[in-house]
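Here is the structure we will look at, set down as structure tokens.
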Amino acid sequence: MLSRNEALELLKKHVKTKNLIKHCLATEAVMRKMAIYFNEDPETWGLAGLLHDLDYEYTKDKPEEHGLKTVELLGDTVSEEIKNAILAHCEKKERESLIEKVIYAVDPTTGFIVAGALIKPEKKLAAIDVKFLLNRFKEKSFAKGASREQMKSCEDFGLSLEKFYELSLEAMKEISEELGL
């Protein structure tokens with residue numbers, strides 16, 4: 003299996019957009035936090051998060067290929083569990099396992115949290131809290147690209163939106179320097 007450093011190098015080789023790399027780092031951090039919360043393997047979950055958008059630059063104009071190209075690029079360097087999570091995040095397979103359900107909910111959440119930080123004068127994650135995120139969730143015009151339905155799917159794996167945001171925000175704050183937030 004790929005090491006975390008090898009996965010990061012692979013990400014930097016295929017993804018040239020700085021903000022997309024930050025999104026993948028945030029998704030990795032949240033997935034690791036969720037793995038620990040659910041007593042799962044943080045390495046596996048972290049790699050799924052880090053690599054989930056590996057093919058984005060190739061597929062941004064061909065969404066029907068998103069995820070499929072990542073699995074092709076990864077070949078046999080990662081487990082089926084990771085590949086299935088990557089496919090599930092972009093609805094290329096039904097979400098069956100816990101990791102598949104979690105990554106589906108986490109993907110839009112990282113962008114939603116970043117958007118919350120960026121509307122604050124400080125432009126820092128430290129400036130926002132769960133209550134702030136829950137209030138923004140109700141505003142349909144805020145972070146329109148972040149699917150409310152996907153985020154709310156956290157209930158499918160037993161977390162309230164409040165607890166889900168708490169864990170996600172905590173994870174992202176832990177890497178705030180890397181994220182520039």
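Numbering (the working numbering), first residue to last: 3 to 183. All C-beta atoms in this analysis are idealised placements derived from N, C-alpha and C, irrespective of residue type, glycine included. If you're wondering where the values come from, they're calculated on a predicted model, not measured in any experiment.
query: With C-beta atoms as the reference, is T1 less than 9 Å away from E59?
result: Because the chain in this structure spans residues 3 to 183, residue 1 falls outside the shown range and cannot be described.
Beta-carbon proximity check, L70 vs L56, cutoff 9 Å: For this step, residue 70 is matched to residue 68 along the sequence shown. For this step, residue 56 is matched to residue 54 along the sequence shown. Their beta carbons are not under 9 Å apart, which means L70 does not touch L56 by this criterion.
field: Between the CA atoms of K122 and P65 - distance to the nearest angstrom
entry: Against the sequence shown, residue 65 aligns to sequence position 63. Against the sequence shown, residue 122 aligns to sequence position 120. Their Cα atoms are separated by approximately 32 Å.
- request: Specify the secondary structure class of M3 as computed by DSSP and reduced to three states.
  value: Counting from one through the sequence shown, the residue named residue 3 turns up at place 1. Of the three classes helix, strand and coil, the one that applies to M3 here is coil, per DSSP.
- request: For A119, collect the residues of the same chain with a Cβ closer than 7 Å to its Cβ; drop the 5 residues on either side in sequence, then sort them by chain order.
  value: Mapped onto the sequence shown, residue 119 falls at position 117. So the qualifying residues of the chain are K125, K126, L127, A129, I130, L183.
- prompt: From K15 to A9, what distance separates their C-alpha atoms?
  reply: Working through the sequence shown from its first residue, we reach residue 15 at position 13. Working through the sequence shown from its first residue, we reach residue 9 at position 7. Spanning the two alpha carbons is a distance of roughly 10 Å.
message: Going by DSSP in three states, C156 sits in which element: helix, strand or coil?
response: Walking along the sequence shown from the start, residue 156 turns up at place 154. Note: C156 maps to helix in three-state DSSP.
field: C-beta contact flag for L169 and K24 at 9 Å
entry: Against the sequence shown, residue 169 aligns to sequence position 167. Against the sequence shown, residue 24 aligns to sequence position 22. Contact flag unset, no.
message: For R150 and L27, I'd like the C-alpha separation in whole angstroms.
response: If you number the sequence shown from 1, residue 150 lands on position 148. If you number the sequence shown from 1, residue 27 lands on position 25. Near 21 Å, if we compare the C-alpha coordinates of L27 and R150.
message: Considering only their Cβ atoms, is the gap separating A50 from F174 smaller than 9 Å?
response: The residue given as residue 174 occupies position 172 in the sequence shown. The residue given as residue 50 occupies position 48 in the sequence shown. The identity of residue 174 in the sequence shown is Met, whereas the question assumes Phe. It is not a contact, given that the beta carbons lie outside the stated cut-off.
- prompt: Under a Cβ-count criterion, where at least 16 other Cβ atoms within 10 Å of its own Cβ denotes burial, should M3 be classed as buried or exposed?
  reply: Start at 1 with the first residue of the sequence shown, and residue 3 comes out as number 1. Per the 10 Å Cβ criterion, exposed.
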